[in-house]
Amino acid sequence: MIEIKENFSLKKYNTFGFDINCRYFASFSNEEELKELLLIHKNKNIPLMVIGGGSNILFTKNFNGLIIQPTICGIEIINETDDSVDLRVGAGENWDSFVEYCVNRNWGGVENLSLIPGFVGTCPIQNIGAYGVEVKDVILKVETIDIESLRKQEFANTECRFGYRESIFKHDLKGKQVITYVHFKFNKNHEYKLNYGNLNEELQKYESINLKNIRNAVIDIRNSKLPKPEETGNAGSFFKNPEVKEAVFEKIRQQYQDVPNFKQSNNNVKIPAGWLIEQAGWKGKNIGNAAVHNKQALVLINRGNATGAEVLYLAREIQKSVNNQFGIELEMEVNVV
Ligand SMILES: Cc1cc2nc3c(=O)[nH]c(=O)nc-3n(C[C@H](O)[C@H](O)[C@H](O)COP(=O)(O)OP(=O)(O)OC[C@H]3O[C@@H](n4cnc5c(N)ncnc54)[C@H](O)[C@@H]3O)c2cc1C
1262 MIEIKENFSL KKYNTFGFDI NCRYFASFSN EEELKELLLI HKNKNIPLMV
1312 IGGGSNILFT KNFNGLIIQP TICGIEIINE TDDSVDLRVG AGENWDSFVE
1362 YCVNRNWGGV ENLSLIPGFV GTCPIQNIGA YGVEVKDVIL KVETIDIESL
1412 RKQEFANTEC RFGYRESIFK HDLKGKQVIT YVHFKFNKNH EYKLNYGNLN
1462 EELQKYESIN LKNIRNAVID IRNSKLPKPE ETGNAGSFFK NPEVKEAVFE
1512 KIRQQYQDVP NFKQSNNNVK IPAGWLIEQA GWKGKNIGNA AVHNKQALVL
1562 INRGNATGAE VLYLAREIQK SVNNQFGIEL EMEVNVV
């Protein structure tokens, strides 16, 4: 039985902690309830939005429509062999609890993605990534319901058009599909990926290298660097790391010899957005209640009573500064609503 709540507070449903409301709010625990809600949305002719953990959204004002949240649970083994296991996981499962579940069973592939907030149903949308791993490498397919036709659809991994913090669900299919289940394949003879950031160094503190220790090392690094949303409102990395042509990079390097960089397979060069923001003088700075975190310049924070509009204003000022100084257009990773 679905319950539609009116004038619902989203304060606990967005990790920035903005005190805003939506006109209607409902959760759905299966596909039938979702279809019912989609019909109600059609009849009321109001805007619709799906929310997971609200950890990648910047609400700039109240949402005058219906927000729906999946509570579809369950981790089902679809196929298991000596070498691998295929799973079908409900969109409402908590991402990090799912990572822990896999690590406890010694199924490798997502241990580097420990402690990323949000729901399993959202992980394909921006192809979540951390410590040299992207979730696309373990996704088999994604199940959805089409918002217009209410038809069930499936998108195989290649059809999801995954890229760096990208997928078809952020572009052609934005606002058109609700993700209900994600299918994963885990290799039981998994190769660890430890060559990113200080993960290897952190692992020296452990007696052996195994999935549990990698997960714990990732958790420790993240806890030491990133503000906890329960204490300081934020949505993780606010901007994507820009990729520039080699010539553009060389021009920057002439002036800044220590510019950190990651060469890409297409010969472009990725530059950490946090470094650019820091060079532009924004680290630890604030405009009103919106601020740039003092340990990680890529993270914008709510110092207490900030509004989404204030954070957006700060973000745009940062974009202008970085553009003036480096000629690079920073793209927002967070979904602005
Ligand atoms: C402290 C912190 C650290 C973070 N670290 C990382 C990191 O290391 N790597 C990384 O990639 N991300 C990171 N993030 C960003 C975020 O956690 C991920 O993008 C996560 O996948 C968002 O999940 P969510 O359920 O909270 O999504 P939400 O914020 O609720 O939604 C994000 C977008 O997806 C849409 N959406 C949500 N669910 C569905 C659905 N079922 N069907 C269709 N559309 C849907 C929403 O409408 C919205 O546009 C971090 C965030 C925080 C706060």
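Each residue of the sequence shown is one higher than the last, beginning at 1262 in the numbering used here. Built from N, CA and C at the ideal position, the CB exists for glycine as well.
Residues that residue i bridges to, as DSSP identifies them
| i | result |
| --- | --- |
| Ile1406 | Lys1413 and Val1439 |
| Arg1349 | Glu1337 and His1444 |
| Gly1369 | Asn1448 |
| Ile1218 | Past the edges of the chain, shown from 1262 to 1598, lies residue 1218, and the structure says nothing about it. |
| Cys1283 | Phe1269 and Phe1324 |
| Lys1524 | Val1530 |
| Gly1393 | Gly1393 is not bridged to any residue. |
| Phe1380 | Asn1355 |
| Phe1593 | It should be noted that the sequence gives Met, not Phe, for residue 1593. Phe1500. |
| Glu1427 | Gly1424 |
Boundaries (first-last residue) of the beta strand (DSSP E) holding residue i
| i | result |
| --- | --- |
| Gln1516 | Careful: Gln1516 lies outside any beta strand (DSSP E), inside the alpha helix (DSSP H) at Glu1507 to Gln1516. |
| Gly1494 | Gly1494 to Ser1498 |
| Asn1268 | Lys1266 to Ser1270 |
C-beta neighbour in chain B for residue i, strict 8 Å
| i | result |
| --- | --- |
| Glu1452 | The chain labelled as chain B is not found in the depicted structure, where only one protein chain is given. |
For residue i, the first and last residue of its enclosing alpha helix (DSSP H)
| i | result |
| --- | --- |
| Ile1480 | Leu1472 to Lys1486 |
| Lys1581 | Gly1569 to Phe1587 |
| Ser1358 | Trp1356 to Asn1365 |
| Glu1463 | Leu1460 to Leu1464 |
Fully enclosed by the stretch 1286-1344, which beta strand (DSSP E) runs are 3 residues long or longer? 1309-1311, 1324-1331 and 1336-1341
Counting beta carbon pairs with one atom in the stretch 1459-1472 and one in the stretch 1400-1408, are three or more of them shorter than 8 Å? no
Ranges of the alpha helix (DSSP H) found wholly within the stretch 1527-1567, counting only runs of at least 4: 1534-1540
The stretch 1511-1521 in contact with the stretch 1546-1557 per 3-pair CB rule at 8 Å: no
Decide yes or no for the touch test of the stretch 1326-1342 against the stretch 1296-1309: beta carbon pairs closer than 8 Å, at least 3 of them. yes
When the Cβ atoms of the stretch 1510-1519 are set against those of the stretch 1572-1584, are three or more pairs found closer than 8 Å? no
Could you tell me whether the stretch 1378-1390 touches the stretch 1412-1430, using the rule of 3 or more Cβ pairs below 8 Å? Three or more beta-carbon pairs drawn from the stretch 1378-1390 and the stretch 1412-1430 are found closer than 8 Å, and the two stretches are therefore classed as touching.
Using 8 Å as the threshold, is the stretch 1560-1576 in touch with the stretch 1275-1285, meaning 3 or more CB pairs across them? yes
Could you say if the stretch 1436-1447 and the stretch 1342-1353 meet the contact criterion of at least three C-beta pairs nearer than 8 Å? yes
Are at least three pairs of beta-carbons, each pair with one atom in the stretch 1308-1321 and one in the stretch 1264-1275, less than 8 Å apart? yes
At a cut of 8 Å, does the stretch 1450-1466 reach the stretch 1493-1501 through at least three beta carbon pairs? no
Mind the definition here: the stretch 1351-1366 touches the stretch 1330-1343 only if three or more C-beta pairs lie below 8 Å; say whether that holds. yes
Taking three-plus beta-carbon pairs below 8 Å as touching, is the stretch 1403-1415 in contact with the stretch 1367-1379? no
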